[in-house]
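Numbering (our numbering) for the sequence shown: 26 to 424. Just so it is clear, CB atoms sit at the ideal spot from N, CA and C, and this is done for glycine as well.
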Amino acid sequence: MGFTPLAGTRAPVRVWTDPYTIEAQAARQLRNIGALPWVQGVAVMPDVHFGKGATVGSVIAMRQAVSPAAVGVDIGCGMSAVRTSLTAADLPDDLGPLRSAIEAAIPVGFAMRDDAVDPRRVRGLEQAGWDEFWRRFGTLDRRVAQLETRAQRQLGTLGGGNHFIEVCLEQGGPDDGRVWLMLHSGSRNIGKELAERHMAVARGLPHNTGLPDRDLAVFLAGTPEMDAYRRDLWWAQEYARRNRAVMLALLGQVVRDAFPQVGYDEPISCHHNYVAEERYDGVDVLVTRKGAIRAGAGDLGIIPGSMGTGSYIVRGRGNVDAYCSASHGAGRRMSRGQAKRTFSTDDLAAQTAGVECRKDAGVVDEIPGAYKDITEVMAQQEDLVEVVAHLKQVVCVKG
26 MGFTPLAGTR APVRVWTDPY TIEAQAARQL RNIGALPWVQ GVAVMPDVHF
76 GKGATVGSVI AMRQAVSPAA VGVDIGCGMS AVRTSLTAAD LPDDLGPLRS
126 AIEAAIPVGF AMRDDAVDPR RVRGLEQAGW DEFWRRFGTL DRRVAQLETR
176 AQRQLGTLGG GNHFIEVCLE QGGPDDGRVW LMLHSGSRNI GKELAERHMA
226 VARGLPHNTG LPDRDLAVFL AGTPEMDAYR RDLWWAQEYA RRNRAVMLAL
276 LGQVVRDAFP QVGYDEPISC HHNYVAEERY DGVDVLVTRK GAIRAGAGDL
326 GIIPGSMGTG SYIVRGRGNV DAYCSASHGA GRRMSRGQAK RTFSTDDLAA
376 QTAGVECRKD AGVVDEIPGA YKDITEVMAQ QEDLVEVVAH LKQVVCVKG
């Protein structure tokens, strides 16, 4: 559909949805971001909604600056997926035991492991760089030094909120019924702790005085504060990637135990809360994707819907107007509190019919009705990505 400019901003703010449908709080956030002197431009995804610090579903390109609150507290949050050789015909009618086996293998919610993961003991897990990765923990902000053991024990754990693990079936096409494994998680508590410490530092810097929103405080290139943030940011983004890799390997082993004949394709992985160094129109920028994936030409990505509506595997079209980005999911259309007030457990059961998942009060805030229509979101970004596969979950594990 192409983009619509958002009026009243200093830097160009390009919107891949009807600007008049954006909630007032989110529109104010976008205008505040577009007013910052360091911003080169902003691309607004069709799943846009109000968020802490910056709008979820926004791509912010800054010159020589980055806002830690715009990145958010779940640094490196993202998706991983892998296609299996199994088909729907291989799955049993009762998927409850498979869900239970997944929940036994991968801690969810606030749970953590009794001991740190030993990569050598996880079949199918990449083996490179683990020792060097953990050595770098000692270079992080000294205020998180006491959290190393917790970070090690949380590696390979899901977390709560909208994080999930799913078994999905491909819909339509020559591979109709093919089984996929998918999960959504990030950098767990250590990412949050690092983010909050740097956000507090940024708010106190003199060049951030008088900003339209104190949560948009930035670090500037060439300063010790920026160097410290980028060091911790890159590490947390790698932690998130490795966290998903561990879980995907463990998930693969659960499925292998149940179906010894299974084979796996090459996994797909993408961040959707992160910073990258990129270049557009001859200008080097730091691109913050908060609730957005990179969709460069040929890039494979994952765009999930809600726990009852399905997801998409996509290939990027490399649209530079959007800073080579696409949405990270359906996006919420109501807050968690509003969802709990609006829907019941009976509604949840009805909207997740046919999915083996929790259907209790603890996950009502994740009900499909609390999210935007993923098919509409996909239709609004046809110039950003092409659909490779449409998936529908049959098992969903929530924290």
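Give the secondary structure of residue i by DSSP, where H, G and I count as helix, E and B as strand, and everything else as coil.
i, result
"PHE28", "coil"
"THR377", "coil"
"PHE189", "strand"
"TRP279", "A small correction: the amino acid at residue 279 is Val; Trp does not occupy that position in the sequence shown. The answer is helix: DSSP assigns VAL279 an H, G or I state."
"TRP41", "coil"
"TYR264", "helix"
"MET104", "strand"
"GLY82", "strand"
"ILE70", "Here residue 70 turns out to be Met, not Ile, going by the sequence shown. Note: MET70 maps to strand in three-state DSSP."
"ILE47", "coil"
"ALA317", "strand"
"VAL412", "strand"
Using only the alpha-carbon positions, how far apart do residue i and residue j sit?
i, j, result
"ASP306", "GLU263", "28 Å"
"GLY211", "ASP371", "30 Å"
"GLY424", "LEU276", "15 Å"
"ALA68", "PRO122", "43 Å"
"ILE190", "THR234", "42 Å"
"VAL410", "LEU208", "20 Å"
"GLN406", "TYR337", "12 Å"
"PRO117", "ALA129", "19 Å"
"GLY184", "ALA94", "20 Å"
"ARG281", "VAL142", "19 Å"
"VAL412", "ASP139", "40 Å"
"ASN187", "PRO231", "36 Å"
In this structure, what does DSSP give as the bridge partners for residue i?
i, result
"THR164", "The partner list for THR164 (beta bridge, DSSP) is empty, contrary to what the question assumes."
"TYR289", "THR109"
"MET87", "VAL64, LEU311"
"LEU194", "VAL204, LYS417"
"ILE127", "BP columns for ILE127 are empty, so no partner."
"ARG304", "ASP309"
"VAL422", "ILE190"
"ILE327", "ILE338"
Can you tell me the Cβ-Cβ gap for residue i and residue j, rounded? I've got them flagged as a contact below 8 Å.
i, j, result
"GLY101", "ASN298", "7 Å"
"HIS296", "ASP257", "Not a contact, Cβ separation roughly 16 Å."
"THR29", "GLN54", "With 8 Å as the limit, THR29 and GLN54 do not qualify as a contact, their Cβ atoms being about 17 Å apart."
"VAL64", "ALA36", "4 Å"
Using a Cβ-based criterion (distance less than 7 Å to any ligand heavy atom), does residue i qualify as near the ligand MG?
i, result
"HIS232", "Ligands in the displayed structure: none, and consequently the ligand MG is not present."
If you scan the segment 222–247 from start to end, which runs of the beta strand (DSSP E) of 3 or more residues do you find wholly inside it?
-> none
Just list the alpha helix (DSSP H) runs in the segment 335–401, keeping only unbroken ones of 4 residues or longer that don't cross its boundaries, in chain order.
-> 361–367, 370–376
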